[in-house]
Amino acid sequence: MSNWERFLDTFFNGRVMARYLPDIAYGTLVTIELAALVIISGLAAGLALALVRSLGFRPLNLLIVFVVDLFRALPPLVIIVFIYFGLPAVEVSPSGFISTWLSLALVLMAFSEEIFWAGITSIHKGQWEAARSTGLSYGQTLIHVVLPQAIRLTIPPLTNRTIAITKGTALGTVVAVSEILGMASSAVSNSYNPSPLTLGAIAYLILFLPMVIVGRWLETRMTWKR
Amino acid sequence: MLQTFFNLDIIGQAWRIILAGLGNTVLLSVIVVPLGLLGGLALSLLAGVRKPWVRWPLMAWVDFFRAFPPLVLLIFLYAGLPFVGLELGGFACVCIAFFLNNGAYYGEILRAGIESVPEGQTEAARSTGLGRYQTMLYVVLPQAVRNVLPDLLSNTLEVVKLTSLGSVVAMPELLFQARQAQSLTYNPTPIVFAAVIYFVLLWPLVRLLSRLENRALARP
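As given, the protein sequences belong to chains Y and D, one line each in that order. Per our numbering, numbering through the first sequence is continuous, rising by one, with the last residue being 244. Per our numbering, numbering through the second sequence is continuous, rising by one, with the last residue being 215.
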């Protein structure tokens, strides 16, 4: 066997790949499910916090800023490990899936709150005043005037940040979530061949490459500049 | 509650282990940040070459590594390469994975920075007799870095946080040591302690970033 053939046999072993394809496919579904949950709950919580912050109630805002700072400063893996290995000490035992979801959603919440908030504050004060003076209520002004402009501004940075955090679903493997990386790793130890990892890598590329490309496109289409 | 998560006795027992981890985290950061910056600088300079046979492979390279979760890359190196007889060890794997992953991120940021410097700057510098490399080094890069400083800092924050992935490949950094201490003491206090260290270490950077971002947006 030449070196090249040996390389192919090691990393692109068709037999091993075919055998573990169903496992990796299952892992891909888990990753998609986890990613969707993280994105939806993280962005919703981030937007909610930014809206609460826009009310301008000082003690509450300080708390929000602290929570946001906390989850921006802590590595996601540390949060996952704390929830999964730490909380059982007080009789709360979330599953690996829940721990990963919760951690990544909190991190996305923190980052998206910052971005939404930056978007809201970037809308000129005159917009608020004009909208309020035409008789719109605070809530109406927010929903019909400020948010549409603010969200448009926030889309490129938000997309990139969301992709970066969603890639963190791979961290779930540390707490035994059967997502792509977890399935691939156990397949490697069962088959004693790293081809399942190659398969997993391909699955990640199929999932995330389109997102990265869309992010790049959005970035050139709508920049922060007005 | 306090006894469980902020147990001073446990901290008394574990602080040595955890501080050793902190040392390794700092060491790792000091190595991987410049390494990533260097890779990024190379990529961003290459991006200036306006030839399709440079441009497209480069973009593919950058997008490839941005789409790849860093942990997957790390596991691939750590668990995959030994099958072809290459046993690199956790530390080397972390360095290579971070070089590839963060090089791509830093590269994108620096490229945007270089593109944000007006063409006239290069032309003016060249017309005063500066060479191409001198122009890049003394005129374009300083302005480019200044323009994208918040993004560079933000990515650096992410890199330092990502060093916690080292724990997965048995690198004795902060998180790994905290986990060790936890299993020795049967108490989650070491993890809380490690989290507090991360927070204290990185909070100033987060505050600074938050300021810079808001200021960038407030600019008319």
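Yeah, the Cβ is synthetic: ideal placement off N, Cα and C, and Gly gets one too. Predicted, not measured: the structure shown is a model, and the values here were computed from it.
Pair within 9 Å by beta-carbon distance, residue i and residue j
{"i": "residue 203 of chain D", "j": "residue 148 of chain D", "result": "yes"}
{"i": "residue 106 of chain D", "j": "residue 30 of chain D", "result": "no"}
{"i": "residue 179 of chain Y", "j": "residue 226 of chain Y", "result": "no"}
{"i": "residue 124 of chain Y", "j": "residue 89 of chain Y", "result": "yes"}
{"i": "residue 28 of chain Y", "j": "residue 71 of chain D", "result": "no"}
{"i": "residue 166 of chain D", "j": "residue 17 of chain D", "result": "no"}
{"i": "residue 233 of chain Y", "j": "residue 134 of chain Y", "result": "no"}
{"i": "residue 217 of chain Y", "j": "residue 39 of chain Y", "result": "yes"}
{"i": "residue 236 of chain Y", "j": "residue 177 of chain Y", "result": "yes"}
{"i": "residue 201 of chain Y", "j": "residue 42 of chain Y", "result": "yes"}
{"i": "residue 186 of chain D", "j": "residue 104 of chain Y", "result": "yes"}
{"i": "residue 61 of chain D", "j": "residue 114 of chain D", "result": "no"}
{"i": "residue 161 of chain D", "j": "residue 86 of chain D", "result": "yes"}
Where residue i sits in the DSSP three-state scheme
{"i": "residue 132 of chain Y", "result": "helix"}
{"i": "residue 164 of chain Y", "result": "helix"}
{"i": "residue 74 of chain Y", "result": "coil"}
{"i": "residue 156 of chain Y", "result": "helix"}
{"i": "residue 127 of chain Y", "result": "helix"}
{"i": "residue 44 of chain D", "result": "coil"}
{"i": "residue 80 of chain D", "result": "coil"}
{"i": "residue 133 of chain D", "result": "helix"}
{"i": "residue 125 of chain D", "result": "coil"}
{"i": "residue 194 of chain Y", "result": "coil"}
{"i": "residue 210 of chain Y", "result": "coil"}
{"i": "residue 174 of chain Y", "result": "helix"}
{"i": "residue 30 of chain Y", "result": "coil"}
{"i": "residue 165 of chain D", "result": "coil"}
{"i": "residue 1 of chain D", "result": "coil"}
{"i": "residue 26 of chain D", "result": "helix"}
{"i": "residue 54 of chain D", "result": "helix"}
{"i": "residue 109 of chain Y", "result": "coil"}
{"i": "residue 20 of chain Y", "result": "coil"}
{"i": "residue 35 of chain Y", "result": "helix"}
{"i": "residue 185 of chain D", "result": "helix"}
{"i": "residue 215 of chain D", "result": "With a pLDDT of 41 at residue 215 of chain D, under the threshold of 50, the modelled position of that residue is not reliable, and the figure given next carries that caveat. It is coil, neither helix nor strand."}
{"i": "residue 201 of chain Y", "result": "helix"}
Whole-angstrom C-beta distance between residue j and residue i, which should lie under 8 Å
{"i": "residue 194 of chain Y", "j": "residue 114 of chain Y", "result": "5 Å"}
{"i": "residue 95 of chain Y", "j": "residue 199 of chain Y", "result": "Their Cβ separation, rounded to whole angstroms, is 13 Å, which puts residue 95 of chain Y and residue 199 of chain Y out of contact at 8 Å."}
{"i": "residue 180 of chain D", "j": "residue 5 of chain D", "result": "5 Å"}
{"i": "residue 194 of chain D", "j": "residue 173 of chain D", "result": "So it is not a contact: roughly 13 Å between Cβ atoms."}
{"i": "residue -1 of chain D", "j": "residue 108 of chain Y", "result": "6 Å"}
{"i": "residue 139 of chain D", "j": "residue 13 of chain D", "result": "About 39 Å; that fails the 8 Å criterion."}
{"i": "residue 120 of chain D", "j": "residue 143 of chain D", "result": "The pair is not a contact, with the Cβ atoms about 20 Å apart (cut-off 8 Å)."}
{"i": "residue 131 of chain Y", "j": "residue 67 of chain Y", "result": "4 Å"}
{"i": "residue 122 of chain Y", "j": "residue 112 of chain Y", "result": "Residue 122 of chain Y to residue 112 of chain Y, Cβ: 13 Å. No contact."}
Unbroken alpha helix (DSSP H) run spanning residue i, endpoints
{"i": "residue 178 of chain D", "result": "169 to 180"}
{"i": "residue 96 of chain D", "result": "84 to 111"}
{"i": "residue 156 of chain D", "result": "144 to 157"}
{"i": "residue 66 of chain D", "result": "65 to 70"}
{"i": "residue 238 of chain Y", "result": "213 to 239"}
{"i": "residue 147 of chain Y", "result": "143 to 151"}
* Mind listing, in chain order, the continuous alpha helix (DSSP H) runs of no fewer than 4 residues lying wholly within the segment 42 to 106 of chain Y? => 76 to 91, 94 to 99
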